[in-house]
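Enquirer:
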Amino acid sequence: MTDVKLNAGAIDRMLRTTDSSEAVPPEEAVCQILSIKKIATSQPGAGDRYRVILSDGIHFAQAMLATQQKVLVESGQIDRNSVVRVTQYVANSVQQRRILILLGLEPLGAPLGERLGDPANWETAAANGGAGAAGGAANGGGSNGSTAGPAAANKAGGAAPSRTNSGNGGTKPLSRGPSMANGAPVYPIEGLSPYQNKWTIKARVTLKSDIKHWSNQRGEGKLFSVNLLDESGEIKATGFNDAVDRFYPLLQENKVYYISKARVNIAKKQFSNLNNEYEIAFENNTEIEECLDAADVPEVKYAFVQIDQLDGVEPNQTCDVIGIIDEIGDVAEIISKASQKPITKRELTLVDQSGMSVRLTLWGRTAEQFDQNLDKPVIAFKGVKVGDFGGRSLSMFSSSSMMVNPDIPEAHGLRGWYDSEGNQAAGNFKTFAGAGLGGLGAGGGAGGAAGSNKNERRTIAQAKEQGLGMSGDKPDYFNIRATVVYIKQEGLSYPACPSANCNKKVVMEDENSWRCEKCDTTYPAPQYRYILAANVADHTDGIWLSGFNEIGELLIGQTASELEAVKTESESNFVAALHRATNRSYMFNIRAKQDTFNDTTRVRYTVTKATPVDWSAAANELADDIKALM
DNA sequence: CCCCCCCC
Numbered sequence: 001m002t003d004v005k006l007n008a009g010a011i012d013r014m015l016r017t018t019d020s021s022e023a024v025p026p027e028e029a030v031c032q033i034l035s036i037k038k039i040a041t042s043q044p045g046a047g048d049r050y051r052v053i054l055s056d057g058i059h060f061a062q063a064m065l066a067t068q069q070k071v072l073v074e075s076g077q078i079d080r081n082s083v084v085r086v087t088q089y090v091a092n093s094v095q096q097r098r099i100l101i102l103l104g105l106e107p108l109g110a111p112l113g114e115r116l117g118d119p120a121n122w123e124t125a126a127a128n129g130g131a132g133a134a135g136g137a138a139n140g141g142g143s144n145g146s147t148a149g150p151a152a153a154n155k156a157g158g159a160a161p162s163r164t165n166s167g168n169g170g171t172k173p174l175s176r177g178p179s180m181a182n183g184a185p186v187y188p189i190e191g192l193s194p195y196q197n198k199w200t201i202k203a204r205v206t207l208k209s210d211i212k213h214w215s216n217q218r219g220e221g222k223l224f225s226v227n228l229l230d231e232s233g234e235i236k237a238t239g240f241n242d243a244v245d246r247f248y249p250l251l252q253e254n255k256v257y258y259i260s261k262a263r264v265n266i267a268k269k270q271f272s273n274l275n276n277e278y279e280i281a282f283e284n285n286t287e288i289e290e291c292l293d294a295a296d297v298p299e300v301k302y303a304f305v306q307i308d309q310l311d312g313v314e315p316n317q318t319c320d321v322i323g324i325i326d327e328i329g330d331v332a333e334i335i336s337k338a339s340q341k342p343i344t345k346r347e348l349t350l351v352d353q354s355g356m357s358v359r360l361t362l363w364g365r366t367a368e369q370f371d372q373n374l375d376k377p378v379i380a381f382k383g384v385k386v387g388d389f390g391g392r393s394l395s396m397f398s399s400s401s402m403m404v405n406p407d408i409p410e411a412h413g414l415r416g417w418y419d420s421e422g423n424q425a426a427g428n429f430k431t432f433a434g435a436g437l438g439g440l441g442a443g444g445g446a447g448g449a450a451g452s453n454k455n456e457r458r459t460i461a462q463a464k465e466q467g468l469g470m471s472g473d474k475p476d477y478f479n480i481r482a483t484v485v486y487i488k489q490e491g492l493s494y495p496a497c498p499s500a501n502c503n504k505k506v507v508m509e510d511e512n513s514w515r516c517e518k519c520d521t522t523y524p525a526p527q528y529r530y531i532l533a534a535n536v537a538d539h540t541d542g543i544w545l546s547g548f549n550e551i552g553e554l555l556i557g558q559t560a561s562e563l564e565a566v567k568t569e570s571e572s573n574f575v576a577a578l579h580r581a582t583n584r585s586y587m588f589n590i591r592a593k594q595d596t597f598n599d600t601t602r603v604r605y606t607v608t609k610a611t612p613v614d615w616s617a618a619a620n621e622l623a624d625d626i627k628a629l630m
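In full-length UniProt numbering, the protein residues as written are 1 to 630.
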């Protein structure tokens with residue numbers, strides 16, 4: 001082990017680097033990693049990062065591993081006591097401390113059994129004026145003469161990146177295009193921070209948003225944003241108002257640009273699904289120029305999660321997923337609960353080699369313009385939201401992107417797998433549905449392959465035994481096939497506001513005057529709406545179901561207003577109408593959720609959809625069950 | 001300086 005030599009003094013020189021001319025070349029930057037610590041980030045989808053302690057035998061200092069380098073740790077190529085060559089780095093001042101960001105590392109053999117030398121903490125040594133003289137202080141401008149070293153370096157207002165020209169593998173140097181007029185060095189995205197402003201990045205636009213207009217108490221305006229990528233990382237950049245006019249036409253997806261003189265802000269992580277602490281805002285003096293020599297800037301980077309691993313991703317995180325589109329749903333329109341506005345959606349079913357399927361929802365224009373004639377395409381999705389509906393589900397954000405049949409190895413692998421074997425299971429992959437019902441046993445798992453990944457079939461007895469709907473605030477969804485036994489007569493309907501989407505109860509002022517408080521309007525007549533309570537039974541048990549207007553109309557066969565008229569005319573005709581609705585069988589889609597009323601907590605079973613039983617399908621189902629038993 | 005991302 002004695003043949004390994006660290007470059008004594010390299011840590012001090014690297015931390016004091018403020019200009020590329022001072023950069024420590026890789027051949028003089030052999031250091032040892034004393035420890036590696038995983039830092040969990042709260043940022044959705046960001047994944048973990050690693051903080052390392054780096055030593056040159058004399059000093060040790062903290063350093064962050066660039067995101068792109070974390071594979072070195074995760075693959076075991078570097079570990080505690082590994083000796084590495086630093087092929088590219090940036091020295092940053094962050095919150096009064098000097099921090100190294102390691103953009104390129106080259107492992108030199110297996111980890112040693114021990115640490116080399118007796119390194120001292122660079123921060124302490126530098127603060128005491130004891131750090132070596134190599135490289136010199138960043139500047140002499142410190143007003144407090146007693147704090148040299150890192151404190152002085154902080155006052156430099158930011159360090160420039162190194163641009164080493166290592167030919168030793170690892171990260172390639174970032175080369176500067178000849179056409180860029182201003183003198184700032186090309187910076188890796190990973191090295192950007194709010195503490196420095198003289199930089200140029202050379203980055204590919206991987207996603208460009210539409211122009212969005214907003215209006216709120218603070219004012220109104222328009223904006224757009226792009227996702228930018230280089231070999232070190234990704235960052236989101238946003239242009240407001242004038243910047244929209246200047247840059248929206250210029251910036252094109254997949255092209256590469258030099259960007260400088262923009263502001264770096266702290267990213268609001270809750271709104272970002274990119275792996276970066278910061279984001280960029282284009283300003284009045286921002287310069288953007290297309291770069292035509294861009295072969296060294298990578299295309300979109302994916303970190304795919306296999307479908308069967310999605311249950312390891314927390315709901316509301318984002319991730320990248322690739323799969324064969326096994327089913328393409330039709331465009332449908334729903335009313336958003338939040339905005340009350342209609343919105344279009346389309347559902348895709350993705351499958352992969354894990355043998356599992358997951359549903360993914362497209363929204364708006366993406367849903368409408370999706371080419372439904374595609375024949376089992378491979379699609380790569382970036383930055384899609386993971387939800388827990390039906391166990392696990394996926395949903396596009398406006399910041400998500402999808403690429404149909406991308407030319408990447410994962411896509412070719414999927415194509416080969418699907419065409420040779422996957423297609424035989426088409427429409428019949430395993431789903432997460434069992435897990436979505438609390439993992440409560442029978443009927444989940446293998447049964448989930450039977451088709452519906454939305455709602456699992458249960459008998460009434462199973463639904464009760466399994467405690468569906470009893471898990472607290474989160475509802476469970478399931479289906480039962482059952483027969484109507486009795487419909488409760490009292491409170492079957494209420495007089496509702498006739499205006500569209502109001503449904504609020506109206507108060508009778510007189511025979512021809514019904515007042516809606518919500519709409520602040522009086523109407524000549526109400527529109528009655530059902531609030532159904534129906535007792536249904538299957539061969540295992542009985543249960544009370546709630547259902548609203550549409551369900552009532554289906555079960556009873558007339559509108560609530562019509563039935564109200566019947567009731568006014570003849571109580572016995574009313575009872576007869578309800579009696580006619582019994583002894584009919586339906587497939588009920590049910591949402592089960594706990595409900596507290598008058599201090600009593602019970603499970604409320606609400607019918608979200610009812611469909612008359614398709615007896616031929618039911619017979620086939622039975623035949624399959626019998627076959628499975630034999 | 002936006003920041004909503006929707007439904008079962």
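Just so you know, even glycine gets a beta-carbon here, dropped at the ideal spot from N, CA and C.
The model shown is predicted, which means the values in this text are computed figures rather than measured ones.
With distance defined between alpha-carbon atoms, name the residue in 4, 63, 322, 295 nearest to residue 109.
Expert: Counting from one through the first sequence, the residue named residue 109 turns up at place 109. Ranking the options by Cα distance to residue 109, first place goes to 4.
Enquirer: Pick out the complete alpha helix (DSSP H) segments inside the UniProt domain "OB" (199-280), 4 residues or longer, and give them in chain order.
Expert: Here the runs fully enclosed are 242-247.
Enquirer: Where do the ends of the alpha helix (DSSP H) carrying residue 188 lie?
Expert: In the first sequence, counting from the first residue as 1, residue 188 sits at position 188. First-last for residue 188: undefined, no H or E at that position.
Enquirer: Look up residue 492 in the DSSP assignment and say whether it is helix, strand or coil.
Expert: Along the first sequence, one-based indexing puts residue 492 at 492. Reduced to three states, the DSSP call for residue 492 is coil.
Enquirer: Excluding the 5 residues preceding and the 5 following residue 623 in the sequence, name in chain order all residues of the same chain whose CB lies nearer than 7 Å to its CB.
Expert: Residue 623 sits at position 623 when you count from the first residue of the first sequence. Nothing meets the Cβ criterion.
Enquirer: Do residue 59 and residue 125 have their CB atoms nearer than 8 Å?
Expert: Within the first sequence, residue 59 is the residue found at index 59, counting from 1. Within the first sequence, residue 125 is the residue found at index 125, counting from 1. Contact flag set, yes.
Enquirer: CB residue 326 to CB residue 349, shorter than 8 Å?
Expert: Here the question's residue 326 lines up with position 326 in the first sequence. Here the question's residue 349 lines up with position 349 in the first sequence. Result yes, Cβ atoms of residue 326 and residue 349 sit closer than 8 Å.
Enquirer: Between the C-alpha atoms of residue 275 and residue 484, what's the straight-line distance to the nearest angstrom?
Expert: Numbered from 1 along the first sequence, position 275 holds the residue referred to as residue 275. Numbered from 1 along the first sequence, position 484 holds the residue referred to as residue 484. So the alpha carbons of these two residues sit roughly 54 Å apart.
Enquirer: Determine the burial state of residue 543: buried for a count of at least 16 other Cβ atoms within 10 Å of its Cβ, exposed for fewer.
Expert: Residue mapping note: residue 543 aligns to position 543 of the first sequence, counting from 1. Buried: at least 16 other Cβ atoms inside 10 Å.
Enquirer: If you scan the segment 312-389 from start to end, which runs of the alpha helix (DSSP H) of 4 or more residues do you find wholly inside it?
Expert: With a minimum length of 4 residues, the continuous alpha helix (DSSP H) runs that stay inside the segment 312-389 are 364-368.
Enquirer: I need the boundaries of the alpha helix (DSSP H) containing residue 13, first residue and last residue.
Expert: Residue 13 sits at position 13 when you count from the first residue of the first sequence. Element bounds for residue 13: 10-15.
Enquirer: Taking the alpha helix (DSSP H) that residue 462 belongs to, which residues open and close that run?
Expert: Within the first sequence, numbered from 1, the residue matching residue 462 stands at position 462. Run containing residue 462: 460-465, per the alpha helix (DSSP H) assignment.
Enquirer: Quick one: what's got a C-beta closer than 8 Å to residue 486's C-beta in the same chain, skipping five residues either side?
Expert: As a first step, residue 486 is located in the first sequence; it is residue number 486 there, counting from the start. Excluding residues within five positions, the ones whose Cβ falls inside 8 Å are 534, 535, 582.
Enquirer: Find out if the Cβ-Cβ distance for the pair residue 15, residue 98 is shorter than 8 Å.
Expert: One-based indexing of the first sequence puts residue 15 at position 15. One-based indexing of the first sequence puts residue 98 at position 98. Yes.
Enquirer: Which of helix, strand or coil does DSSP assign to residue 589?
Expert: Here residue 589 refers to the residue found at position 589 of the first sequence. In the structure shown, residue 589 sits in a strand (DSSP, three-state: E or B).
Enquirer: Quick check: the Cα distance between residue 470 and residue 462, rounded to an integer number of angstroms?
Expert: Along the first sequence, read from residue 1 onward, the residue named residue 470 stands at position 470. Along the first sequence, read from residue 1 onward, the residue named residue 462 stands at position 462. For residue 470 and residue 462, the distance between alpha carbons rounds to 13 Å.
Enquirer: With H, G and I counted as helix, E and B as strand and the rest as coil, what does DSSP make of residue 154?
Expert: Residue numbering aside, residue 154 sits at position 154 when the first sequence is read from its first letter. With a pLDDT of only 36 at residue 154, under the threshold of 50, the placement of this residue in the model should not be trusted; the figure read from the coordinates follows. Residue 154: helix per DSSP, three-state reduction.
Enquirer: Mapping DSSP to helix, strand and coil, what is residue 561?
Expert: As a working note, residue 561 is residue 561 in the first sequence. Reduced to three states, the DSSP call for residue 561 is helix.
Enquirer: Going by C-alpha distance, which of 404, 315, 116 is nearest residue 394?
Expert: Position 394 of the first sequence, counted from the first residue, corresponds to residue 394. Residue 394 has its Cα closest to that of 315, out of 404, 315, 116.
Enquirer: For residue 264 and residue 291, which I take to be in contact (beta-carbon distance under 8 Å), what is that distance rounded to the nearest angstrom?
Expert: On the first sequence, residue 264 is found 264 positions in, with the first residue counted as 1. On the first sequence, residue 291 is found 291 positions in, with the first residue counted as 1. Contact flag wrong, Cβ pair sits at about 20 Å.
Enquirer: Out of 520, 333, 188, 507, point me to the one whose CA is closest to residue 527's CA.
Expert: Working through the first sequence from its first residue, we reach residue 527 at position 527. Among 520, 333, 188, 507, the Cα nearest to that of residue 527 is on 507.
Enquirer: I need the DSSP call for residue 553, collapsed to helix, strand or coil.
Expert: By 1-based counting over the first sequence, the position of residue 553 is 553. Three-state DSSP puts residue 553 in a helix.
Enquirer: By alpha-carbon positions, which one of 498, 603, 358, 609 ends up nearest to residue 391?
Expert: The residue given as residue 391 occupies position 391 in the first sequence. Minimum Cα distance to residue 391 is reached at 358.
Enquirer: So the alpha helix (DSSP H) residue 505 belongs to, where does it begin and stop?
Expert: The residue given as residue 505 occupies position 505 in the first sequence. Careful: residue 505 lies outside any alpha helix (DSSP H) and carries neither H nor E.
Enquirer: Of the residues 277, 428, 491, 69, which one's Cα is nearest the Cα of residue 547?
Expert: Indexing the first sequence from 1 puts residue 547 at position 547. Of the listed residues, the one whose Cα sits closest to residue 547 is 491.
Enquirer: If you reduce the DSSP assignment to three classes, tell me which class residue 68 lands in.
Expert: Position 68 of the first sequence, counted from the start, is the residue given in the question as residue 68. Of the three classes helix, strand and coil, the one that applies to residue 68 here is helix, per DSSP.
Enquirer: Between the segment 595-605 and the segment 555-574, can you find at least three pairs of beta-carbon atoms closer than 8 Å?
Expert: Judged by Cβ distances under 8 Å, the segment 555-574 makes no contact with the segment 595-605, as fewer than three pairs qualify.
Enquirer: Assuming contact is defined by CB atoms lying nearer than 8 Å, are residue 62 and residue 80 in contact in what I supplied?
Expert: One-based indexing of the first sequence puts residue 62 at position 62. One-based indexing of the first sequence puts residue 80 at position 80. Not in contact: residue 62 and residue 80 (Cβ atoms no closer than 8 Å).
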